[in-house]
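Report on the following structure.
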Amino acid sequence: MKKLFNVSILTVVLVIISSVIVSGHSVQAYTNPFTDVKETNSHANAIVSLYNEGIITGVTSKTYEPGKSATRGDAALYLANALNLQNTTAPNPEFKDVPTTSKYYKAIAALNKAGIVNGYGDEFRPNATLTRSQLAKMLTIGFELQQSTTTKTKFTDVNKLTDTATKKYIQTLVDYEITKGTTATTFSPNMKLTRAQLATFLYNAIQATSDDFIVIGIE
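The sequence shown begins at 1 in UniProt numbering and counts up one residue at a time.
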């Protein structure tokens, strides 16, 4: 697994031979369009890299709002982009809160068809906030990660959960070095994710599943 961090967000070069994001790219220079994503932000590398790859979008052309809560719709859209599922022909999942005119429709339909996301009855709740444990499930299934067989984790708050599947999803992310937790002993499974954190989780998942995704900082 190749990982190089310490990246300047003013100019980022991605060397991609083949990955789940893009194929056929050689070298590109990336710039940061977001005035609210400073170089000192620990999530800046992920945000700028994924934005330039067309995987994530800003709230406006100049702002990303990294501290804003991420929604289920955001996560579905970005994950579908990362997995190249946006052009997948999928049946209408018939979620009454996701009309065919919604910007999330194609992503949600494709992910639902692939068994990556489900709704709440006849609703998807695209504007609802997303928790860390919910994203763990989406990433594990979406990236087809080899699921952990253990329900015992280093996180005391995860060990207290009653849902065995959720424990395994979270431990899977640890196994793939996609997350280290909110502290050395906590994962905070029910904590709401910010848009910045969503980008970093997604970026780490891409790196964990592609040896050819290399980020090099240009000082």
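Using N, Cα and C, we set each Cβ at its ideal position, and we do this for glycine too.
In this structure, THR194 lies near LYS68, with their beta-carbon atoms less than 8 Å apart.
In the DSSP assignment, MET191 falls outside any alpha helix (DSSP H), carrying neither H nor E. Per DSSP, LYS113 is one residue of the alpha helix (DSSP H) stretching across 105 to 113. A residue is called buried when at least 16 other Cβ atoms come within 10 angstroms of its Cβ; ASN81 meets this threshold and is buried.
Setting aside the 5 residues that flank it on each side, VAL98 is surrounded in the same chain by TYR104, TYR105, ILE108, PHE124 and PRO126, each with a C-beta closer than 7 Å to its C-beta; the list follows chain order. Per the C-alpha coordinates, the member of SER102, ILE47 and LYS152 positioned closest to ASP175 is LYS152. Straight across, the Cα-Cα distance linking ALA70 with GLN134 is about 12 Å. DSSP, read as helix, strand or coil, puts TYR120 in strand. Apart from the 5 residues on each side of it in sequence, ASN52 sits with its Cβ closer than 6 Å to the Cβ of TYR30 in its chain, given in chain order.
In this chain, LYS68 is not harboured by any alpha helix (DSSP H), its DSSP state being neither H nor E. In the three-state reduction of the DSSP assignment, THR129 falls in the strand class.
Non-local beta-carbon contacts of ASP157 in its own chain, meaning distances under 7 Å to residues more than five positions away in sequence, involve THR186, PHE187, SER188 and PRO189 in chain order. Where VAL98 is concerned, there is no enclosing alpha helix (DSSP H), because DSSP gives it neither an H nor an E. In chain order, THR151 place their CB closer than 8 Å to the CB of THR164, counting only its own chain and leaving out the 5 sequence neighbours on each side. The alpha-carbon of PRO66 is positioned some 8 Å away from that of GLN197. For LEU173, the CB contacts under 6 Å within the same chain, skipping 5 residues up- and downstream, are ALA136 and THR179 in chain order. Of the other Cβ atoms in all chains shown, fewer than 16 fall within 10 Å of the Cβ of TYR120; this residue is therefore exposed.
Contact annotation: LEU202 and LEU79 have beta-carbon atoms nearer than 8 Å.
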